[in-house]
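**Q** The structure's right below; bear with me while I get my questions together.
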Amino acid sequence: ASNPSAGYVPCVYDLKPGQALLVEIDRPKARYWNIHLGDVWWQVTDFTHHQSSLNGHQVTFDSDGKARIVISAEDPGVANWLNTVGNPKGVALLRWYFTHSYPTPAARVVRFDALRAELPADTKWVTAEERALAVAERRAAVLKRYGH
455 ASNPSAGYVP CVYDLKPGQA LLVEIDRPKA RYWNIHLGDV WWQVTDFTHH QSSLNGHQVT
515 FDSDGKARIV ISAEDPGVAN WLNTVGNPKG VALLRWYFTH SYPTPAARVV RFDALRAELP
575 ADTKWVTAEE RALAVAERRA AVLKRYGH
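In the numbering used here, the protein residues as written are 455 to 602.
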């Protein structure tokens, strides 16, 4: 049986060197939602030491109300980046719980070196230092959650 309070949208990707997957979605009206990456066997990638997942509280939205999430092996400096953690092939799973809307995401492969031109001017960018701090905070929160 399925969970009537949950919705899932999977996306299988196969990225070549120099490519990124750009996922666009309107803000879901959900109590909780996230997007996370898995490998070809749907095993969740290491979210403790890498930013391979984001939830609705972590995602930033552009002025048009859309979240644009970049999935790539290399950090483009975009706040909404998901690290493939060495898996060029995998699955991105968008999921939400207790929602009143079911936005349809769009995804397209773009050249990594053309990302800036593909994103709105008000996209939030982060420095290498800000990314390192975010990953360190993530690691501490996950380890605390699991009692370490």
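Even for Gly, the Cβ is constructed at its ideal location relative to N, Cα and C. Predicted model only: the values in this text are computed from it and were never measured.
What residues in its chain sit with their C-beta under 6 Å from that of Y486, if we drop five residues either side in the sequence?
**A** Only Y551 meet the Cβ criterion.
**Q** Between which residues of its own chain and V589 is the CB-CB distance below 8 Å, once the five residues before and five after are set aside?
**A** Once the five neighbours on either side are set aside, the close Cβ partners of V589 are H503, H504, Q505.
**Q** Run through DSSP, which three-state label would F515 get?
**A** DSSP places F515 in coil when its eight states are reduced to three.
**Q** Which value, in whole angstroms, describes the spacing of the CA atoms of D529 and Q497?
**A** If I take the Cα positions, the gap works out to 22 Å.
**Q** What residue range does the alpha helix (DSSP H) around R585 cover?
**A** That run of the alpha helix (DSSP H) goes 582 to 599.
**Q** How close, in whole Å, do the beta carbons of A474 and I525 come, if the pair is a contact with beta carbons under 8 Å?
**A** 6 Å between Cβ atoms; contact.
**Q** Do V561 and V477 have their CB atoms nearer than 8 Å?
**A** Before going on, a small fix: residue 561 reads as Ala here, not Val. Taking 8 Å as the Cβ cut-off, A561 and V477 qualify as a contacting pair.
**Q** Tell me the rounded alpha-carbon separation between I489 and K543.
**A** If you take the alpha carbons of I489 and K543, they lie about 16 Å apart.
**Q** Leaving out five residues before and five after S555 in sequence, what residues of the same chain have Cβ atoms less than 7 Å from its Cβ?
**A** Hits under 7 Å: P482, K483.
**Q** Apart from the five residues on each side of it in sequence, which residues of its chain come closer than 7 Å, Cβ to Cβ, to K520?
**A** Same-chain partners within the cutoff: E478, I479, D480.
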